[in-house]
Amino acid sequence: MTPPAIPAALDTDVLDTLQAVIDPEVGLSIVDLGLVYHAMRTADAIDVAITLTTRACPLGAMIVREAEDRLRQRFPDAGMVGVKLVWEPPWRPDRITKQGRALLGRH
Numbered sequence: 176m177t178p179p180a181i182p183a184a185l186d187t188d189v190l191d192t193l194q195a196v197i198d199p200e201v202g203l204s205i206v207d208l209g210l211v212y213h214a215m216r217t218a219d220a221i222d223v224a225i226t227l228t229t230r231a232c233p234l235g236a237m238i239v240r241e242a243e244d245r246l247r248q249r250f251p252d253a254g255m256v257g258v259k260l261v262w263e264p265p266w267r268p269d270r271i272t273k274q275g276r277a278l279l280g281r282h
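Residue numbers (the working numbering): 176 to 282.
Below, the structure is given as structure tokens:
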């Protein structure tokens, strides 16, 4: 089954940076979990939209802050770094990347 289409661009440098942001409940990066829906970088701004595996996750604010902090460290010249939490489309397990499934032991 293929993941639902996400109408957003994904900047590879931004994704590389977000690879270090780990969902503490699952132990995988937010990238490998398929939580990053939008990741754009321009000369003066970075705009990211992420979701969580569930709305009930108590760590959402912490994950957003960590993503912002890591992006600011990697791209110090970006005037604006915005990471927003979104709920549409809802996350589904089939969004987990191939690497993420392998790390979970689910090939």
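Just so it is clear, CB atoms sit at the ideal spot from N, CA and C, and this is done for glycine as well. Quick caveat: nothing in here was measured; it's all calculated off a predicted structure.
Asked                                                                                                                                                                              : Found
If I'm right that residue 244 touches residue 214 with Cβ under 8 Å, what's the distance once you round it to whole angstroms?                                                     : So it is not a contact: roughly 16 Å between Cβ atoms.
What does DSSP give as the partner residues of residue 257 in its beta bridges?                                                                                                    : 222
Can you tell me whether residue 234 is buried or exposed, with buried defined as 16 or more other CB within 10 angstroms of its CB?                                                : exposed
Does DSSP classify residue 205 as helix, strand or coil?                                                                                                                           : coil
Please report the Cβ distance between residue 225 and residue 253, rounded to the nearest whole angstrom; I am assuming they are in contact, meaning their Cβ atoms lie under 8 Å. : About 17 Å; that fails the 8 Å criterion.
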